[in-house]
Structure formats: C-alpha cells, structure tokens
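>
Number of protein chains: 2
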Amino acid sequence: MTFSMDIIETDGNARTGVINTARGEIRTPAFMPVGTAATVKAMKPETVRETGADILLGNTYHLMLRPTAERIAKLGGLHKFMNWSRPILTDSGGFQVMSLAKLRKITEEGVSFQSHIDGSKHMLSPERSMEIQRLLGSNIVMAFDECTPYPASEKETEDSMLLSMRWAKRSYDAFHDGSEHAQMNALFGIVQGGVFEKLRHHSAEALKEIDFNGYAIGGLAVGEGQDVMFEVLDYTMPVMPKSKPRYLMGVGKPDDIVGAVERGIDMFDCVMPSRSGRTGQAFTRRGTINMKNSRHIDDPRTIDEQCRCSACSQYSRAYVSHLIRSGEILGPMLLTEHNLTYYQDLMAGLRDAISRKSLGGFVKDFHETRAEGDIAPIT
Amino acid sequence: MTFSMDIIETDGNARTGVINTARGEIRTPAFMPVGTAATVKAMKPETVRETGADILLGNTYHLMLRPTAERIAKLGGLHKFMNWSRPILTDSGGFQVMSLAKLRKITEEGVSFQSHIDGSKHMLSPERSMEIQRLLGSNIVMAFDECTPYPASEKETEDSMLLSMRWAKRSYDAFHDGSEHAQMNALFGIVQGGVFEKLRHHSAEALKEIDFNGYAIGGLAVGEGQDVMFEVLDYTMPVMPKSKPRYLMGVGKPDDIVGAVERGIDMFDCVMPSRSGRTGQAFTRRGTINMKNSRHIDDPRTIDEQCRCSACSQYSRAYVSHLIRSGEILGPMLLTEHNLTYYQDLMAGLRDAISRKSLGGFVKDFHETRAEGDIAPIT
Chain A
8 MTFSMDIIET DGNARTGVIN TARGEIRTPA FMPVGTAATV KAMKPETVRE
58 TGADILLGNT YHLMLRPTAE RIAKLGGLHK FMNWSRPILT DSGGFQVMSL
108 AKLRKITEEG VSFQSHIDGS KHMLSPERSM EIQRLLGSNI VMAFDECTPY
158 PASEKETEDS MLLSMRWAKR SYDAFHDGSE HAQMNALFGI VQGGVFEKLR
208 HHSAEALKEI DFNGYAIGGL AVGEGQDVMF EVLDYTMPVM PKSKPRYLMG
258 VGKPDDIVGA VERGIDMFDC VMPSRSGRTG QAFTRRGTIN MKNSRHIDDP
308 RTIDEQCRCS ACSQYSRAYV SHLIRSGEIL GPMLLTEHNL TYYQDLMAGL
358 RDAISRKSLG GFVKDFHETR AEGDIAPIT
Chain B
8 MTFSMDIIET DGNARTGVIN TARGEIRTPA FMPVGTAATV KAMKPETVRE
58 TGADILLGNT YHLMLRPTAE RIAKLGGLHK FMNWSRPILT DSGGFQVMSL
108 AKLRKITEEG VSFQSHIDGS KHMLSPERSM EIQRLLGSNI VMAFDECTPY
158 PASEKETEDS MLLSMRWAKR SYDAFHDGSE HAQMNALFGI VQGGVFEKLR
208 HHSAEALKEI DFNGYAIGGL AVGEGQDVMF EVLDYTMPVM PKSKPRYLMG
258 VGKPDDIVGA VERGIDMFDC VMPSRSGRTG QAFTRRGTIN MKNSRHIDDP
308 RTIDEQCRCS ACSQYSRAYV SHLIRSGEIL GPMLLTEHNL TYYQDLMAGL
358 RDAISRKSLG GFVKDFHETR AEGDIAPIT
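Next up, the structure:
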C-alpha cells in the first residue's frame, strides 16, 4: 500500500503535512479544484497545476454517463484521458445522483435513476460505484453514500446515516477485490449524521470499525450556515482518527476553509472558484468582487495587487471587465485561473502559518484584510 | 517612417519576405488571427504567439462600440489592453458596419448606424475611422471603404468603388495628421471593383495615385466562389505595386490561401480557424473534420498526427470529442489552438517552399494529402 499521511506540524487543532499517493504528494491542508467532466472548466491542466493544485476531483456521476467509465478505461484511464498525471480523487456519485438525476429510486441495493443528459436508465450501488472509480483509475476513492436531504428530522437523518454505513461496508468489501488498483490507492469513508452530535459520533465509530484510509465529513455546506457547520466540526473532529486524512466535502468559501483548517481539516473541494470565474466573480484578499460592476470598466489596476496569477500580472480590471461584459471565453479563462490561484495561495498561506505555529496571526490578518473591502474606484 | 517590406525570394508570382513595423517583423505570406473584441476568442495571447502568429487583426466596429476607442486609448492602447506587444492591423469598420449594425444610412459623408449591442447611434466616416484606429494604436490602419454588396451590377459596383476611392483619399488626408502615430505606422488602401476587371484596374490606379504603404483587395470571399476569386486575383495582381504588401481581406479556407499565395498575396485574415474551433470543426493536413461526429469518440489518436500543437501532443480525438459534446470551454480552447497552429504551419510551409523555389511541389503535396481524406476510424 503506497498511500499514507505524514503530519509535519500542528498548531492547535490544525495540522500541515503530506499525503503520499501512487501519483505523488498532496500538501495539506489541500484544496482540490473540481474537474467534473474530466476538465476543470475553462482551464488547461498545466494551468491548473501552475495555480498550485496537487490533486483534482473528478465526478463519478458525470463521467459514468458521458463519456462512460468503460470508455475512459479503454483509453487508458482518467489521468491519461484528461492529461493530468498527479493524484485524482473521485466522488462516489451519491451526492450528484440526488441533485441532478431524474426519476431517482433509492432501495437498500442502491439508487436507480435516469440520466439528466439523455434520459437513459442507470443504477448506482456501492459495488457499481467502486467499479466505476476503479475503471477511472482514481487515487482516492470515496465510499458510496446517501446524500441526506437538509433539513431533515433526527429520525430521517439517522435512517439515512445507517443506510450509508451499510453501504460503506459494502464499498469497503467491493473496493478490496485484490486488484492492483486497490493495493495502490485509497478508500475514504464518509461521516454522515447531519447536525446531530450523537449521529455523527455513531457514524464516525462505525467507519473506524471498518477501517478506511481516510475520513470525510459529508452532508455539510448544504444550507445549514457557517455557524452550524463549525459546530458540527467542533463535536465531530475529536472522534476522527488523527493519523489519517480528514476531508470536508464540498467546502467552501474562503472563510469556511480557514475556519475548518483551524478545526483540523486537511482536504477541501468546491466548485466555487471555478464556477464564480464563469459568472464574473473574483476572489481577492480584500473580499469578493463582481467584475460585471461598472466601477471596474476604466480601472487600470489588477484584480488583486498581491496575486501572482497571469490575469493579475498581465491584465487590468478594465480588460477583464470588458471580456466578461462581452461574453468572451477569455474572461472565464482568466477569472478561473485567478480564483484558483487565490484559493491555492490561501492554502499555501495556511500551510506555512501552521508550520511556523502562527496560524492565529494568519487568520487575524486574513479577516482584517477582507474587512478593509475592495480598493476604492479610481475617480 | 519605420514601415517597410523586404521581399527575400520569389517563386513564380509568389513571394516571401518580411514586413518591418514599429512593433516588430511580420513574416510573409502571413496569416493574421482575428481578435475582434480585443481577444482572439478562447485564446490567451501567449498561446496565439506560440501558434506562430506575428500579427493580429482588431475590429474597429466592435471596439468603437465596446469598450470604446477612447477608453482603450486612456488605458494605454490596444496592445497593452489585450497584452499583445507585436503588430496589430485594424480594419476600418466599413465591412462590419454593413453586416452587423442596425438602421444604416450611407451618405457621401460616411455611414450613420445604430449599435447591434445597445441600439446607440454612431457615425463612421473616413475621418472618424482614422481617429479610432489611431486611438487604438494600430500598426496597420485600413482606409475606410464601402463594402460593395454581392452580387451587384457593374453600375452599382462602380458607384460603390468610386465612393470608396473618394473615401480612400479622405482616409489618407486624415491619417497623415503629422502625429507620431502616422509617422510610425502604415496606412493601406483597399482595391474594390467587385468581379469587374475594368473597375479593379481603375481602383488600383486610383489608390496608387494616392500612394499607400500597402494595398488590400476587398470585396472578395463574399459568396463569389473560389474560381471567380482567383480570376479577380489573376487580373488584379498585375496592377498592384510589387514592392509593397498585398493583403487579401477575409480569406479564407486553406486552399483559398494556397491559391492566393501562388498569385502573389502576402497577407490574409479570416475568422474561420477560430470560429470553427468553437463549432467543433478541425483543420487537418488530410482535410477538415467534424469533431462532433461519433466516429471520434473512441479514437485514441490525435486530430492530426503531424501537428505540433498542445491539443495534438497531449490529447486524443476521443477526449476533444468528449469536450465538444459536453459543451466544455476547453473544447473550443484546444480546437482553436489546433486550427490556428494548422494555419500558421501552412503559412510557414508556404514561406519555406517559396524560399527554396519549390512552391509547385509543396502545393501538389498539399492537395494530394487533402485528397487522401481523414484517417479511417478504428474498428
């Protein structure tokens, strides 16, 4: 087994380290850009790497429907297909089958559904999800779970969590099929239980019993708000194994990430930096700005004067604003690159602060700079 | 005056050389990618340069409406605005005001019209076109002319051509305003006259009388077909000055370019390689292929095995086909890069063949390879 985690330094509950995989190292805390359909939208993979990403996320649900996992396997796997040689984590399909597919039906066996693309009929189960993620050549495979709706009663949440735990065991058994893929790569379990401490604890204990290579927290960032999310982390993190990676799924905004790192999370993924890049939103050290706003159209300054990305080193706000207003593809290209660079630089800053045991000061600066707000328009 | 042309070698009517500008050299025959709204769509300028482009084309009509020439001037000019330091040729707006604007009215003074973007009212005249192209910082300014409709009678074509010749003189007078811009950069006249030899000769003589830095042929590639276009070139080229650049506007398909180079053309522009990249069409040495076609979805081979572009060196047809089918932005990014590389490699091949006085063999190979057709699908 080539998968392991070295924790290099801690500061309070936060930790920085390295996850070793068959495809290379992941520096933690790590942010994983989302490459839904075998591409981080509007980005070449070499540019994604230049932003500082060590690992990408791929989506089982999207890829199983188009171009299909079998086709990708025949073409040499997802890494080769999309020209990304470093680690890839794949989700299990559990979340997106609930949010995107049509005519879903959940049974003990799994989820049957129709494709949102062409209406074709499919089935996802722990066994099928493991098979797809193996065909893709995923380096970090996620157990198949049910995405608990939010809000949900304690009873609904418990039933859903217990189903996910049975599916977690089936995922484990299906993943460990004696294949080289299973020997070389990792399987993560997903702690569910909504906003109920007792259920989160039950879920974490059930997963530890099975023994995964890493542990994710699922079912957050679904509308519960940052306070509730941090509260769930506060009572869930103490029961998560310290020696293994901890991954907060689908999170989040920059301040969500900072707060979660303070609470001991190692890995994140979110569509926000890439999706925002396509809608004209830019993340900066002074907060989020809307490049569609007319205040930018004459501004010769860069989006974020401290940013090293090619958008900020070569273009003005006026130009990026022109591109976005004109619907030019280069607009999303530059803004996505900028936003992903912002996220990766935030992660690098967090890693550096933890390694110097100065996370408190870093977080204080982070919030103070954001509170200053965007630079004033040129008059 | 820093603008000049050195003809290095000829082969029949074809020539290869270098156009010297204030922003650097242009190797001829040259293909100019179209950067309509201050961007070659879906391309970073450094990638455009990597394809082999020495010069870009910018559109007066689009830029005057958004973000406006005055705004670009205030921000330091078009080169700085779009991060392209090499030569830029700007069209006069004459063609696009006729094809895109609403409620056009042509008078001796110029063309009044409404913006296709927001309906705002504008005027383009020789004087205003020269002012806009100066504000943009264009290195090769095009005289303002009327785009003669096609088909048109000889009388209509003559009236239109004569108006364009009066506007050419006004363009010349307005361009030569004693500014540093006029001293450092070039003004090209545009030969009109449709498909009538007598009118083309009249137009060319009228422009030579005024004395431009280069001469374009306008009003072709508007539906007349390749045979007619080549016929017009056959009788127009002999009356075009040999010592100055000759530019065939808006052309064209690869075989149009090859035939026009054989007839002595030095410069080309066309949206085809970039527009096709956004609709899934790929140019290859074996002809044009449609990446939406299902024959490509399992094909591990590259689009064109002889192509050096990053799409062809890093991705399969299967992947590019997946991107195009999925509507992913990376699809147009890769295909545009490929198509522009194909065009630039074609120009490099033509330049090399002329310099070795072996254009005939190059053209024969070019047609024979295309006649072979695309590689057979993998079965």
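First to last, the protein sequences are chains A and B. Heads up, the first sequence is in the working numbering, so the first residue is 8 and it goes up one at a time. Heads up, the second sequence is in the working numbering, so the first residue is 8 and it goes up one at a time. Just so it is clear, CB atoms sit at the ideal spot from N, CA and C, and this is done for glycine as well.
Please list the segments of the beta strand (DSSP E) lying wholly inside the region 222-262 of chain A, counting only runs of 3 or more residues, in order along the chain.
Listed in chain order, the complete beta strand (DSSP E) runs (minimum 3 residues) inside the region 222-262 of chain A are 253-255.
> Closer than 8 Å, CB to CB, is residue 98 of chain A near chain B or not?
Along the first sequence, one-based indexing puts residue 98 of chain A at 91. Closer than 8 Å: no.
> Could you name the residues of the same chain whose beta carbon sits closer than 6 Å to that of residue 347 of chain A, not counting the 5 residues immediately before and after it, in chain order?
Taking the first sequence and counting its residues from 1, the one referred to as residue 347 of chain A is at position 340. Around residue 347 of chain A: 40, 58 and 280.
> For residue 290 of chain B, list the residues DSSP reports as bridge partners.
To locate residue 290 of chain B, count along the second sequence from 1; it is residue 283. According to DSSP, residue 290 of chain B bridges with B:295.
> At 7 Å on the CB atoms, spell out the chain B contacts of residue 233 of chain A, in chain order.
Your numbering for residue 233 of chain A matches position 226 in the first sequence. Within chain B, no residue comes near residue 233 of chain A; the closest Cβ sits about 31 Å away, beyond 7 Å.
> List, in order along the chain, the chain A residues whose C-beta lies closer than 7 Å to that of residue 339 of chain B?
Looking up residue 339 of chain B in the second sequence gives position 332. Per Cβ cutoff of 7 Å: 336.
> Under 8 Å between the Cβ atoms of residue 269 of chain A and residue 206 of chain A?
Position 262 of the first sequence holds residue 269 of chain A. Position 199 of the first sequence holds residue 206 of chain A. No; because the gap between Cβ atoms is not below 8 Å, this pair is not in contact.
> So residue 131 of chain B packs on residue 46 of chain A, CB below 8 Å; how close in whole Å?
As a position in the second sequence, residue 131 of chain B is number 124, starting the count at 1. As a position in the first sequence, residue 46 of chain A is number 39, starting the count at 1. No, residue 131 of chain B and residue 46 of chain A are not in contact; Cβ-Cβ is about 41 Å, not under 8 Å.
> Which residue's Cα is closest to the Cα of residue 107 of chain B: B:125, B:114, B:115 and B:190?
As a first step, residue 107 of chain B must be located in the second sequence, where it is residue number 100. Ranking B:125, B:114, B:115 and B:190 by Cα distance to residue 107 of chain B puts B:125 first.
> Around the Cβ of residue 374 of chain A, are there at least 16 other Cβ atoms within 10 angstroms (buried) or fewer (exposed)?
Taking the first residue of the first sequence as position 1, residue 374 of chain A is located at position 367. Exposed, by the Cβ-count rule.
> Flag residue 452 of chain B as yes if its beta-carbon sits less than 8 Å from any beta-carbon of chain A, otherwise no.
Because chain B in this structure spans residues 8 to 386, residue 452 of chain B falls outside the shown range and cannot be described.
> Does the distance from the CB of residue 254 of chain B to the CB of residue 221 of chain B come in under 8 Å?
The residue labelled residue 254 of chain B in the question sits at position 247 within the second sequence. The residue labelled residue 221 of chain B in the question sits at position 214 within the second sequence. Against a cut-off of 8 Å, the Cβ pair of residue 221 of chain B and residue 254 of chain B comes out as a contact.
> I'd like the ranges of any beta strand (DSSP E) spanning at least 3 consecutive residues and lying wholly in the region 91-117 of chain A.
Here the runs fully enclosed are 95-97 and 109-113.
> Looking at C-alpha atoms only, which residue of B:350, B:349, B:300 and B:251 is the closest neighbour of residue 332 of chain B?
By one-based count along the second sequence, residue 332 of chain B stands at place 325. Looking at the Cα atoms, B:300 is the closest of the given residues.
> How many angstroms separate the CA atom of residue 283 of chain A from the CA atom of residue 295 of chain A?
On the first sequence, residue 283 of chain A is found 276 positions in, with the first residue counted as 1. On the first sequence, residue 295 of chain A is found 288 positions in, with the first residue counted as 1. Their Cα atoms are separated by approximately 10 Å.
> At 8 Å on the CB atoms, spell out the chain A contacts of residue 305 of chain B, in chain order.
Your numbering for residue 305 of chain B matches position 298 in the second sequence. Per Cβ cutoff of 8 Å: 78, 81 and 82.
> Per DSSP, what kind of secondary structure is residue 60 of chain A in: helix, strand or coil?
Translated into the one-based positions of the first sequence, residue 60 of chain A becomes position 53. Coil at residue 60 of chain A, not helix or strand.
> Return the chain-ordered ranges of every alpha helix (DSSP H) run that is complete within the region 157-206 of chain A and spans a minimum of 4 residues.
Entirely contained in the region 157-206 of chain A, the alpha helix (DSSP H) runs reaching 4 residues are, in chain order, 161-182 and 187-191.
> Cβ of residue 63 of chain A less than 8 Å from any chain B Cβ?
Counting from one through the first sequence, the residue named residue 63 of chain A turns up at place 56. For residue 63 of chain A, the answer is no, since every Cβ of chain B falls outside 8 Å of its Cβ.
> Pull up the distance between the alpha-carbon of residue 232 of chain B and that of residue 224 of chain B, whole angstroms please.
Within the second sequence, the letter at position 225 stands for residue 232 of chain B. Within the second sequence, the letter at position 217 stands for residue 224 of chain B. Between residue 232 of chain B and residue 224 of chain B, the C-alpha separation is close to 15 Å.
> Could you name the residues of chain A that residue 103 of chain B contacts, counting a contact when the two beta carbons are closer than 9 Å?
To locate residue 103 of chain B, count along the second sequence from 1; it is residue 96. What residue 103 of chain B touches in chain A: nothing, since even the nearest Cβ is about 15 Å away.
> When you compare the region 143-152 of chain B with the region 84-94 of chain B, are there three or more beta-carbon pairs, one atom per stretch, that lie closer than 8 Å?
These segments touch.
> What does the alpha-carbon distance come out to for the pair residue 326 of chain B and residue 90 of chain A?
Counting from one through the second sequence, the residue named residue 326 of chain B turns up at place 319. Counting from one through the first sequence, the residue named residue 90 of chain A turns up at place 83. Straight-line Cα distance between these residues: approximately 10 Å.
> With 16 as the cutoff for other CB atoms within 10 Å, does residue 15 of chain B come out buried or exposed?
The residue labelled residue 15 of chain B in the question sits at position 8 within the second sequence. So residue 15 of chain B ends up on the exposed side.
> Is there contact here, the region 192-210 of chain B with the region 241-255 of chain B, by at least three beta-carbon pairs under 8 Å?
Result yes; three or more Cβ-Cβ pairs closer than 8 Å.
> Name the DSSP beta bridge partners of residue 16 of chain B, please?
Here the question's residue 16 of chain B lines up with position 9 in the second sequence. Residue 16 of chain B pairs with B:23.
> In the DSSP assignment, find the beta strand (DSSP E) that holds residue 276 of chain A and state where it starts and stops.
The residue given as residue 276 of chain A occupies position 269 in the first sequence. Here the beta strand (DSSP E) through residue 276 of chain A covers 274-276.
> If the cut is a Cβ gap below 7 Å, which residues of chain B does residue 44 of chain A touch?
In the first sequence, the residue the question calls residue 44 of chain A occupies position 37. Simply 333 and 335.
> Taking CB distances under 8 Å as the criterion, tell me whether residue 73 of chain B reaches chain A.
Position 66 of the second sequence holds residue 73 of chain B. Cβ-Cβ to chain A under 8 Å: yes for residue 73 of chain B.
> Since residue 364 of chain B meets chain A, which of its residues come closer than 8 Å, beta carbon to beta carbon?
On the second sequence, residue 364 of chain B is found 357 positions in, with the first residue counted as 1. In chain order: nothing, as chain A lies at least about 40 Å away.
> Over what stretch of residues does the alpha helix (DSSP H) that includes residue 344 of chain B continue unbroken?
Counting from one through the second sequence, the residue named residue 344 of chain B turns up at place 337. Counting along the chain, the alpha helix (DSSP H) containing residue 344 of chain B begins and ends at 337-362.
> Is it the case that the CB of residue 41 of chain A approaches a heavy atom of the ligand FAD more closely than 7 Å?
The model depicted lacks the ligand FAD and carries no ligand whatsoever.
> Residue 320 of chain A and residue 303 of chain A look like a contact to me (Cβ under 8 Å); what is the Cβ gap, rounded to whole Å?
Numbered from its first residue, the first sequence carries residue 320 of chain A at position 313. Numbered from its first residue, the first sequence carries residue 303 of chain A at position 296. Contact doesn't hold; Cβ gap of about 17 Å is too wide.
> Residue 90 of chain B versus chain A: which residues are under 7 Å apart at the beta carbon?
As a first step, residue 90 of chain B is located in the second sequence; it is residue number 83 there, counting from the start. Within 7 Å Cβ-Cβ: 321 and 322.
> With contact counted as at least three CB pairs below 8 Å, one residue from each stretch, are the region 239-247 of chain B and the region 264-278 of chain B in contact?
Yes, they touch.
> Please report the distance separating the alpha-carbon of residue 378 of chain A from that of residue 38 of chain A.
For this step, residue 378 of chain A is matched to residue 371 along the first sequence. For this step, residue 38 of chain A is matched to residue 31 along the first sequence. Rounded to whole angstroms, residue 378 of chain A to residue 38 of chain A spans 23 Å at the Cα level.
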